[in-house]
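First comes the structure, then the notes that go with it.
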Amino acid sequence: MIQKIIIIAFFLPLSVLAQVGGFYAFSFVDIALSPRTEAMGGSAIAIIDNDVSLGQITPSLLNNKMHNSLVFSFTDYLSDVNLIGFSYARKWKEFGIFSIGIKAINYGEFEYNDAVGDNLGSFSAHDQVITFGLGKRLNEKFTFGINLNMLNSQYETYHAFALSSNVSVTYFNPEKEFTSTLLFRNIGRQLIKYANTEESLPFDVQLGMSKELKHLPFRYSLTVHHLNQFDIKSPYKLTSQTNIETGELEIKEENVGKTAFRHLIIGGELNPFRKNLFVRGGFNFQRRFDMSLSTYPAMVGFSWGIGFKVLRFRFDYNRSAYHLSGSPNNFSFATNLSTFGL
Numbered sequence: 531m532i533q534k535i536i537i538i539a540f541f542l543p544l545s546v547l548a549q550v551g552g553f554y555a556f557s558f559v560d561i562a563l564s565p566r567t568e569a570m571g572g573s574a575i576a577i578i579d580n581d582v583s584l585g586q587i588t589p590s591l592l593n594n595k596m597h598n599s600l601v602f603s604f605t606d607y608l609s610d611v612n613l614i615g616f617s618y619a620r621k622w623k624e625f626g627i628f629s630i631g632i633k634a635i636n637y638g639e640f641e642y643n644d645a646v647g648d649n650l651g652s653f654s655a656h657d658q659v660i661t662f663g664l665g666k667r668l669n670e671k672f673t674f675g676i677n678l679n680m681l682n683s684q685y686e687t688y689h690a691f692a693l694s695s696n697v698s699v700t701y702f703n704p705e706k707e708f709t710s711t712l713l714f715r716n717i718g719r720q721l722i723k724y725a726n727t728e729e730s731l732p733f734d735v736q737l738g739m740s741k742e743l744k745h746l747p748f749r750y751s752l753t754v755h756h757l758n759q760f761d762i763k764s765p766y767k768l769t770s771q772t773n774i775e776t777g778e779l780e781i782k783e784e785n786v787g788k789t790a791f792r793h794l795i796i797g798g799e800l801n802p803f804r805k806n807l808f809v810r811g812g813f814n815f816q817r818r819f820d821m822s823l824s825t826y827p828a829m830v831g832f833s834w835g836i837g838f839k840v841l842r843f844r845f846d847y848n849r850s851a852y853h854l855s856g857s858p859n860n861f862s863f864a865t866n867l868s869t870f871g872l
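So the working numbering is basically just the index in the sequence shown, starting at one, shifted up by 530.
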């Protein structure tokens, strides 16, 4: 039992890095693969276009423009941790737009030592998510979507499995270039447990909006996450310090304003020539507050990225400042198979 707890405790921070404070299983499901999403602060739930990767998290964004679209993604996460994935969408008669996606996380190989340090071999650790989604247009301005996520986790000999679902509704006004989405994320439960205790999934209610400016090729995005939980500060963040004069430990209480700003993600996307080049940027308050060092915050919380189209392909890249010790790099390339006659 102790060995099991140690292994789980080792990998948990990798999965929950820069996520909401607390203890949840399968938090790796929230790690974004899309360079576009990450470049805009880690959330882009209110953008309707032909980017099929956006529909994997927010199924109501699935639309006819995504028909027969395919995207492959790769993330150089932290240390030797890598993520790969793909997404595909296809129109399914009158039922709507169907999508499938796979995300796999490989944590690498680790030495397996006993209590006295003798090497007993090695073991691996990995997580996978398989997603099936469906988006349906309700009328001219509203769309609805739902998906099913199959979550699998294997750390050495310890295995867990869960089912979850994302449900979303999107409002789109094409005349005003305004989009708004309400997303219920990670509704589900654990079916196979790591240990004897069932753990909760990282449930999250999000509200997002985006608007494209009329006279400038720029789109801005705002997302408010974890509407279901106000206090989301990380339990690992240092909240106490020693008073030099008295030698006593003092607890630093966070004010209400700072706690409220933790829920906000802002992002922007510039299409300077209204054609094939995109420049993106974003800021995640939660990452900034939880992952930065008070003495040297640097650029923690900021993210940026670019995207460009060449012939039949779209390439995207982004870099996000999670912490001074690590900044993930996301890559993807996408195409529409119909342009190849498929």
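Think of the CB as a built atom: it goes at the ideal place given N, C-alpha and C, for glycine as much as any other residue. Bear in mind the structure is a predicted one, so any value in this text is a computation, not a measurement.
Annotation: residue 762 to residue 624 spans about 41 Å, alpha carbon to alpha carbon. Around the Cβ of residue 651, a 10 Å sphere holds fewer than 16 other Cβ atoms; the residue is exposed. If you draw a 10 Å sphere on the C-beta of residue 755, you find 16 or more other C-beta atoms in it, and that means buried. A direct Cα-to-Cα measurement between residue 752 and residue 795 gives close to 6 Å. Our two residues, residue 615 and residue 857, have alpha carbons roughly 19 Å apart in a direct line. In its chain, beyond the 5 residues on either side, 863 and 865 have a beta carbon closer than 6 Å to the beta carbon of residue 843.
With fewer than 16 other beta carbons inside 10 angstroms of its own, residue 806 counts as exposed.
By the neighbour-count criterion, in which a residue is buried when 16 or more other Cβ atoms sit within 10 angstroms of its Cβ, residue 715 is buried. For residue 819, the closest of 790, 836 and 802 by C-alpha to C-alpha distance is 790. The criterion of a C-beta distance shorter than 8 Å is not satisfied by residue 665 and residue 737. By the 16-neighbour rule on beta-carbons within 10 angstroms, residue 731 is buried. Here residue 571 has 795, 796, 797, 812, 813, 814 and 833 as same chain residues with Cβ atoms under 7 Å from its own Cβ, once five neighbours each way along the sequence are excluded.
When DSSP states are grouped into helix, strand and coil, residue 866 belongs to the strand group. The closest CA to that of residue 706, considering only 821, 743, 859 and 680, is found on 743. With contacts defined as CB atoms closer than 8 Å, residue 577 and residue 587 fail to qualify as a contacting pair.
Residue range 649-667 is occupied by the beta strand (DSSP E) that includes residue 667. In this structure, residue 563 sits near residue 605, with a CB-CB distance shorter than 8 Å. Spanning the alpha carbons of residue 851 and residue 860 requires a straight line of approximately 12 Å. In the structure shown, residue 684 adopts extended strand secondary structure according to DSSP, grouped into three states. For the pair residue 634 and residue 696, the Cα-to-Cα distance works out to about 19 Å. In this structure, residue 835 sits near residue 568, with a CB-CB distance shorter than 8 Å.
Residue 702 holds the alpha-carbon nearest to the alpha-carbon of residue 672 among 702, 658 and 847. Nearest to residue 816 by C-alpha distance, out of 808, 826, 827 and 831, is 831.
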